[in-house]
Amino acid sequence: MPDPGRPGPLGRLWLRACRFSFSRRRLSRVSLERFVAAQATDEPALVVHSLDIDRARLFPNAHTITARPGADADVHTDPAYGALAEVPDASYDVAVCTGLLEHVAEPAALIAQLHRILRPGGRLVVTASAVFPFHGAPHNYFHLTPYGLRHLFREWSGFRTLQGSSGPYTTVAILLQRINQQCDVFPPLRVCNEVLMKLLPRLDRFVLRQYDTMAHRGPGAVTEHAMPAALHAVVIR
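When the letters of the sequence shown are read in order and numbered with our numbering, they come out as residues 3 to 239.
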């Protein structure tokens, strides 16, 4: 007797069509890879999570810690990254933490551990989601603004750089790709999404100025990135 909870051959074919994508490379990775590559070093580094980058190539002398089961790392830990407490004080000049702040329930506690582990003047390469879909459920607690990121690192010496990962139209293209990746979508509309996400990033060159509020458009409201998919920063201990 057929299982009513399972689709037949036509149903499975339809479901595949509702999930098929021509594009394989994630648009959100393009600027991330470029940003992190600019911070690459062969110095001893502590790499925390950062599963979305080529850690072995960019940080060949890194000690790696992750909470992702089965991921390649030196240490596997709990979702709160409790294993960081075992790393000695002032033991690294470089730390890397990409794609993690939004996935820990207490990001300030994680940042305090990284502050303790870095030597004075050491640098943290960090990224976090901004205008981006929910992901990594159920451990997806916060998405950040530049002001929120500055607040979290208010006890540090300062930012060497703090930038958005994408212009407005590129962000929309990233969201369209994530719709295709995270939703079952009527197949013809999936194709439209694929076409749009290829074309939209080209429109960023026509955005003449961005503002961080709708209330007024004076010089004090000008920003380089009003709606980036993520934030990229290098923070100095």
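Beta carbons: idealized from backbone N, C-alpha and C, even for Gly.
Worksheet item: Run through DSSP, which three-state label would V197 get?
Response: Helix at V197.
Worksheet item: Roughly how many angstroms lie between the CA atoms of P4 and P11, to the nearest whole one?
Response: At P4, the pLDDT of 44 sits below 50, so the modelled position is not reliable and the matter cannot be decided from this model.
Worksheet item: Which partner residues does S131 have in the DSSP bridge list?
Response: According to DSSP, which records beta bridges pairwise, S131 is partnered with A232.
Worksheet item: In the structure shown, what three-state DSSP assignment does F61 receive?
Response: Residue state, collapsed to three classes: coil.
Worksheet item: Name the DSSP beta bridge partners of A97, please?
Response: DSSP lists L48, L126 as partners of A97.
Worksheet item: Ordered along the chain, which non-local residues of its own chain (more than five positions away) have a Cβ less than 7 Å from that of S159?
Response: I238, R239, listed in sequence order.
Worksheet item: According to the Cβ coordinates, are V224 and T163 closer than 8 Å?
Response: No.
Discussion item. Below 8 Å on the Cβ atoms is my contact criterion, and I expect F61 with A42 to pass it. Report the Cβ-Cβ distance as a whole number of Å.
Written reply: About 7 Å; that satisfies the 8 Å criterion.
Worksheet item: Between D74 and the rest of its own chain, which residues show a CB-CB distance below 8 Å, the 5 nearest in sequence each way excluded?
Response: Same-chain partners within the cutoff: T66.
Worksheet item: Comparing alpha-carbon positions, which option in A232, R180, V127 lies nearest V49?
Response: Selected option, being the one with the closest Cα: V127.
Item to complete: Measure the C-alpha to C-alpha separation of A111 and Q184 and round it to an integer number of angstroms.
Response: Between A111 and Q184, the C-alpha separation is close to 30 Å.
Worksheet item: Which residue's Cα is closest to the Cα of V96: L191, V89, A47?
Response: Nearest option by C-alpha distance: A47.
Practice prompt. Kindly list the residues whose CB is nearer than 7 Å to the CB of L102, restricted to its own chain and excluding five residues on each side of it in sequence; keep chain order.
Written response: So the qualifying residues of the chain are V50, H51.
Worksheet item: So does the segment 130–142 actually touch the segment 190–208, counting three or more Cβ pairs closer than 8 Å?
Response: Taking one beta carbon from each stretch, the segment 130–142 and the segment 190–208 have fewer than 3 pairs nearer than 8 Å; the two do not touch.
Worksheet item: Does the beta-carbon distance from A231 to T173 come in below 8 Å?
Response: Cβ atoms of A231 and T173: closer than 8 Å.
Discussion item. Let me make sure I understand the geometry here. Which of E45, N182, A107 has the alpha-carbon closest to that of R59?
Written reply: Checking every option, the nearest Cα to that of R59 belongs to E45.
Worksheet entry | Cβ-Cβ separation, S167 to L34 (assumed contact under 8 Å), whole Å | Going by Cβ atoms, the distance from L34 to S167 rounds to 7 Å, so yes, they are a contact pair.
Item to complete: Determine, using beta carbons only, whether V106 and P81 come nearer to each other than 8 Å.
Response: Yes, the Cβ-Cβ distance between V106 and P81 is below 8 Å.
Worksheet entry | Neighbourhood of L178 by C-beta, 6 Å cutoff - its chain only, sequence neighbours within 5 removed | Correct list, in chain order: N195, L198, M199.
Worksheet item: If you count every other CB in all the chains shown that lies within 10 Å of the CB of N63, and 16 or more means buried, which is it?
Response: Under a 10 Å Cβ-count criterion, N63 is classified as exposed, with fewer than 16 other Cβ atoms of the shown protein chains found around its own Cβ.
Worksheet item: For T163, which three-state DSSP category applies?
Response: In the structure shown, T163 adopts extended strand secondary structure according to DSSP, grouped into three states.
Worksheet item: Is A89 helix, strand or coil when you go by DSSP?
Response: The sequence given here has Val at residue 89, not Ala. If DSSP states are grouped into helix, strand and coil, V89 belongs with coil.
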